[in-house]
Every structure is written in C-alpha cells, then in structure tokens.
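Undergrad: Using UniProt numbering, count along the sequence shown one by one with no gaps and you end on 529.
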Amino acid sequence: MASAAGESMPESSVTELYASLEAVVDGLQQALTISLTPKQVAELAYTHERVARKLAGIGLQRVTDVQERAAFTSAGFTTIGTFLSTGLRLGRGPAGRRLAAANALCEQPALTGEVLPPRRPHTAAAVADGAISGDHVTVIETVLGKVPTAAGPEMLDDAEKQLAEAARIFSPTDLAKIGDRILAHLDPDGRLTDDTDRRRQRGLSLSPQDRQLMSTLKGQLTPTVRAMIEVILTAWAAPGMNNPADEQPLFGAGDDPELDQEALAEARARDCRSQAQRNHDALEAMCRYVLGHRGLGAPDRLPAEVVITTSLAELAGLSGFAHTATGTDLPIRDLIEVAAHANTWLQVFASHTQEVLYLGRVSRFANKAQRLALFGRDRGCTGPLCDTPFSRTEAHHAPDWAKGGVTDIDRLGAACGRHNRIVGTRAGQWETRILETGPHAGRMGWRLAGTDAPWQLNPIHRLDLPVTSVEVSNPPTAGPPARAAAAAARRPCATPERPYRPTIERYLNACTSGLWTKVDIITTTRLQT
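1) If you draw a straight line from the C-alpha of Ala245 to the C-alpha of Arg379, how long is it?
2) What are the partner residues of Val115, as DSSP defines its beta bridges?
3) Using a Cβ-Cβ cut-off of 7 Å, state whether Arg426 counts as contacting chain C.
4) Taking its Cβ as the centre, do 16 or more other Cβ atoms sit within 10 Å of Leu412, making it buried, or is it exposed?
5) Is it buried or exposed, Arg364, if we count other Cβ atoms within 10 angstroms and call 16 or more buried?
6) On the three-pair Cβ rule with 8 Å, is the stretch 185-202 touching the stretch 143-151?
7) With a 10 Å radius around its C-beta and 16 neighbouring C-beta atoms as the bar for buried, classify Ser133 as buried or exposed.
8) Relative to the C-alpha of Lys177, which residue among Gln209, Arg202, Val143, Lys161 is closest?
9) Drop a sphere of 10 angstroms on the beta-carbon of Cys272, count the other beta-carbons inside from all chains shown, and report buried for 16 or more, exposed for fewer.
10) Our contact map puts Trp455 next to Arg447 with C-beta atoms below 8 Å; I'd like the distance itself, whole angstroms only.
11) How is Pro389 classed by DSSP in three states: helix, strand or coil?
12) Any idea if Val25 is buried or exposed, counting beta-carbon neighbours within 10 angstroms, 16 or more meaning buried?
13) Buried or exposed: which applies to Glu431, given that a residue is buried once 16 or more other Cβ atoms fall within 10 Å of its Cβ?
14) How is the alpha helix (DSSP H) around Leu163 delimited, first residue to last?
15) Buried or exposed: where does Ile169 fall if 16 or more other Cβ atoms within 10 Å of its Cβ makes it buried?
16) What does the alpha-carbon distance come out to for the pair Pro439 and Arg377?
17) Would you identify the three-state DSSP class for Ser513, choosing helix, strand or coil?
18) Which same chain residues, not among the five before or five after Ala237, have their C-beta less than 6 Å away from its C-beta?
19) Nearest by alpha-carbon distance to Val127: which of Gly428, Lys403, Lys54 is it?
20) Look up Val423 in the DSSP assignment and give the residues it is bridged to.
21) Taking the straight line between their C-alpha atoms, what separation do you get for Ala31 and Gln429?
22) Short check: CB of Ala102 to CB of Thr64, under 7 Å?
23) By Cβ distance below 8 Å, which residues in the same chain neighbour Asn242 in space, the five residues on each side in sequence not counted?
24) Do the stretch 205-223 and the stretch 251-270 make contact, defined as three or more Cβ pairs closer than 8 Å?
25) Report the option in Met444, Val137, Ala131 whose CA atom is closest to the CA atom of Arg119.
And the structure:
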C-alpha cells in the first residue's frame, strides 16, 4: 500500500475521487437486481466483497495519513486512538485493531525521511487485491505475535507468507487452525519460547459488566503467576472454605493448622458449589483480606479503598445501584455487605440535587475530601465521551491553575491525564468551564478552544446527562465580596469570582450490621468496621 508520500495524484483529485465514489455508492443503494440471473447475482456478491475489502485497505492508508500528519489534533483529539474510537465511532477494541493493521500493512516513514515497506508485505498485497478481510488480518497478526523471538526474522517472514496465502483460500476461523499448525511446526517442543516471549504475551483484563452486572476475567498468565494462583486456590478454594451461602462460614485457608477440622468436615458436607464457584469465592475472600489489611498501601489514596456513591432514595429503598470509583456498578444490597467488611468511603446524594461541598484550600492539589466529592459528582473523567473511571483521573482546575484558578470544589472537575493535558488555547486544544445555571449547573463542560461551540458534557459515567451538547450563553455571575476577597487572599494572582453556593451537607451514620440508623441530605463519611 502506498503512503501519502508516495502518491503522485494531486490532493484535489483524491477528494474528487472520493466524491465520485460516494456518488457511485449512492447509486448502488438504489440499484435493483430483479432482472439479473442467479449466477449474476452471485457474481455481484463476490464483486461487492472484493471491492469492500479493497476499500478497507485504502481506509488503512487514510488512518496512516492521519497518524503521520497528526491530523487528529485538527479535529480536537489528542491521539490517533481517540480519533478512531471516538471521532470515527469505532470503539476502543476495533480502533486498536485497525491502527495495528495500518501500522503493519502500510508504508511508514523512517526517522531519516525514507519510506519503509510494510512490515507484513504479503498480507498487504492480499488486502490490496481484495482477497482477504480485516478478520483475516487480525488472525494473521495474532498468530505472528506468538512466533518465538528466537525463531528469527526469516522464519517470521516465511510464516507471514504462508498465512497470507492461506487467507486467500480459507475463512478466518480455518486460518486460525492453520496458524496453530504453523506455530507447532516452528516450536514443536516449546524450547524456543523464552521468558521474553512470555512477558510479551502476558496480560489480565476485565470485560465490561453485562446487563446482570457480571464480568468476564480474561488473561494470559506466566508460569510463575499460574503456580502462585494454584497454591492460593488449593487452600482458599478448598471445599467448605469461604462459602458465602454457609450460615456458619469458614474464612481463610483450608490448610490452616488452627482450623477446627470437625467444623471443616461439616462445612464440606454443606458445600454444593462447583470448583469454578469455589475459585470465585476464594478470590472474593482474598480481596476482602487484602482490603481489610491495608494491602493496597497508604490509606490516604483513593485507589487503596473502596469508594462508593449512591442516592438517598436508592439507599432507603434498598434498590437500584451504587457506583464505585473504579467504574463498577454495585447493587445496593451488595453495597451494604461491602461496607460492613471493607475500609469504605461512601457518599450519598439527595435525589433532587447534585451540589457538593465547597472546600477551598491554598494548595494546588485537591485533598482527599475534595476527591471524594468529585467522585460523587463526576464518577469518571468529564472529558467528552471518555470512559476512564474516576480512580484514574486527576483534579482539573477550571480556570487552569496557571491562569489564576483556585482549588475549590466548585472550580474542579475530574479529568484523566490525557484530557488534563489537552486544555489550552492553541488550535486543537480544549477549554473547560463549570456550568453555572440550568439542570447541569456545577458540572464541567468542554469545547474546542477559540470556538463558540456548545459545551459538551460526558454522558458515559452519568446516564442522566444528555448525549448532545449543552448550550450555555450566560456569563458567570459574581460572588459575594467577602468570598471573592478570601479567594484573592489565598492566591497572590487575580482569581475569577464565583457564585456563592450554600453548604447543604449533613452526616450519615452507618451501623456495621447493615441497618441505616440516620440519613440526612448529603455526606461523605468513613464507615467503621
């Protein structure tokens, strides 16, 4: 596939060709095949698939063009990945696969200025011919990623050639089986695979929650990690141990010498769980143990604790869902169970308001109380369509700290590191503002710097927010003189005046038995275990 540097056709001609292509596609949408013979209809299906695959290959070149010229910044994105996943609405997984395919199949510029050939030349040729699809490319890349480094570049190139030729004949599913045969031939006894290959392939990930709030745990474990997990599961997932359904549960390791063996025998008799269920319950017990013994480090860090927010109405009715700082939805009944056994911070909001406590301070960095309040309001990064959970965000100033912003809760918003760094006045950067009025007052809006575009809210973490942008035309109103003077005294440079917001927080007292004895309006309090 030719790179942008190797194209001899003028850019205006490329634009005209795409306009003609769209016109042809529009014509095909209206075309009828009723007068064609069955053989002609079948031939059209072959032709359509071949053309669609060629277009997909050309699309990879467009991805390379955007990446080489950093054209994604002109559209308001900081990386090519976010341009693909959010701008082109591909989603994170498909965007990653398309970018990987573009980097493998398209010519790339070297640091010296020369154009390097595709890393997978045989696959690139098959894509250019319209002979293979994106699914074929994904299978080829997956198989080649498992080729041992010790096999050498010649064997890697030969494997790629064989896979590309097979992809012209077989489906992606059959191609994966052929790939397994090739890998077995390259390293029949596993001696070529070393620790470098294993470290390259290691990984562990959680899938998004489904409609039942369940998640799939997927991973590639190194032999060392597997051995340690097996030791843990042998003890903690033993029959009768860590059974949440048992009225007289036994927690900990099944080989504990201090464990009552008679009680263990009775617990085994009551245990009807499968091995997979026992493994799950053992992992839950281990997590409780780590959280309860401060195994995550300093207690002043939010990621080291379970942080949950919910509404007063849901809490009182024991229905609905709470939300954790790491992005998990938690049924209210499970929330009470977690709160009774873990070092937990809980923030409860009244159903009619989202206003949070005003907490001003001299330091540039938000304190823990402010971070808790931000989580309760934002639940994650406020950047447009960003799905980063709150545990991986920073406190973002609006206006920016360098321009006189203050670390007050009504001038802060949660932003991931990537979105925090794109705020500025240059082309392609963004500006932020805390909305002052309307149903979304107190939330952080984003828009491209230097434009009059509507402010954008992020609906990913809050389903109650609009998917479309929010029109805000009124300027911020000035706050009381006393508060403005106090803010100016905290900071040597001038700071924007802010409207006064009353403190409406109260206290929440929670009993470890799970019975809520007293709930007022809004609180952030530590649950005692």
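Even glycine gets a Cβ: it sits at the ideal position worked out from N, Cα and C.
TA: So, from the data block:
1) Locating residue 245 in the sequence shown gives position 245, counting from the first residue. Locating residue 379 in the sequence shown gives position 379, counting from the first residue. If I take the Cα positions, the gap works out to 32 Å.
2) To locate residue 115, count along the sequence shown from 1; it is residue 115. Answer by DSSP bridge pairing, in chain order: Pro109.
3) Protein chain content of the structure displayed is limited to a single chain, and chain C is not contained in it.
4) Mapped onto the sequence shown, residue 412 falls at position 412. Answer is buried; the Cβ neighbour count reaches 16.
5) The residue given as residue 364 occupies position 364 in the sequence shown. Note on Arg364: under 16 other CB atoms within 10 angstroms of its CB, so exposed under the neighbour-count rule.
6) The stretch 185-202 and the stretch 143-151 touch, with no fewer than 3 CB-CB distances between them shorter than 8 Å.
7) If you number the sequence shown from 1, residue 133 lands on position 133. Taking every protein chain shown into account, the CB of Ser133 has 16 or more other CB atoms within 10 angstroms, so this residue is buried.
8) The sequence position of residue 177 within the sequence shown is 177, counting from 1. Among Gln209, Arg202, Val143, Lys161, the Cα nearest to that of Lys177 belongs to Val143.
9) Stepping through the sequence shown from its first residue, residue 272 is reached at position 272. So Cys272 counts as exposed.
10) For the purposes of this step, residue 455 is taken as the residue at position 455 of the sequence shown. For the purposes of this step, residue 447 is taken as the residue at position 447 of the sequence shown. Right, the Cβ-Cβ distance comes to about 5 Å (below 8 Å), so this counts as a contact.
11) Position 389 of the sequence shown holds residue 389. If DSSP states are grouped into helix, strand and coil, Pro389 belongs with the strands.
12) Stepping through the sequence shown from its first residue, residue 25 is reached at position 25. By the neighbour-count rule (16 or more Cβ atoms within 10 Å), Val25 is not buried but exposed.
13) Position 431 of the sequence shown, counted from the first residue, corresponds to residue 431. Around the beta-carbon of Glu431, 16 or more other beta-carbon atoms lie within 10 Å, marking it buried.
14) As a working mapping, residue 163 is identified with position 163 in the sequence shown. Bounds of the alpha helix (DSSP H) holding Leu163 are 153-167.
15) The residue you call residue 169 lines up with position 169 of the sequence shown. Flag for Ile169 reads exposed.
16) Position 439 of the sequence shown holds residue 439. Position 377 of the sequence shown holds residue 377. Whole-angstrom Cα-Cα distance: 14 Å.
17) Walking along the sequence shown from the start, residue 513 turns up at place 513. Low per-residue confidence applies at Ser513: pLDDT is 29, beneath 50, and the placement is therefore not dependable, though the value from the model is reported in the following sentence. When secondary structure is reduced to three states using DSSP, Ser513 falls in the coil class, being assigned neither helix nor strand.
18) In the sequence shown, counting from the first residue as 1, residue 237 sits at position 237. Around Ala237: Arg278, Asn279, Ala282.
19) Residue 127 sits at position 127 when you count from the first residue of the sequence shown. Comparing Cα positions, the closest option is Lys54.
20) Counting from one through the sequence shown, the residue named residue 423 turns up at place 423. According to DSSP, which records beta bridges pairwise, Val423 is partnered with Trp430.
21) Counting from 1 along the sequence shown, the entry for residue 31 is found at position 31. Counting from 1 along the sequence shown, the entry for residue 429 is found at position 429. Near 44 Å, if we compare the C-alpha coordinates of Gln429 and Ala31.
22) Within the sequence shown, numbered from 1, the residue matching residue 102 stands at position 102. Within the sequence shown, numbered from 1, the residue matching residue 64 stands at position 64. Annotated as proximal: Ala102 and Thr64, with beta-carbon spacing under 7 Å.
23) Counting from one through the sequence shown, the residue named residue 242 turns up at place 242. These residues qualify, in order along the chain: Trp236, Pro249, Leu250, Phe251, Gly252, Arg278, Asp281, Ala282, Glu284, Ala285.
24) The count of Cβ pairs closer than 8 Å, one atom from the stretch 205-223 and one from the stretch 251-270, stays below three, leaving the stretches out of contact.
25) Mapped onto the sequence shown, residue 119 falls at position 119. Just measuring C-alpha positions, the residue of Met444, Val137, Ala131 sitting nearest Arg119 is Val137.
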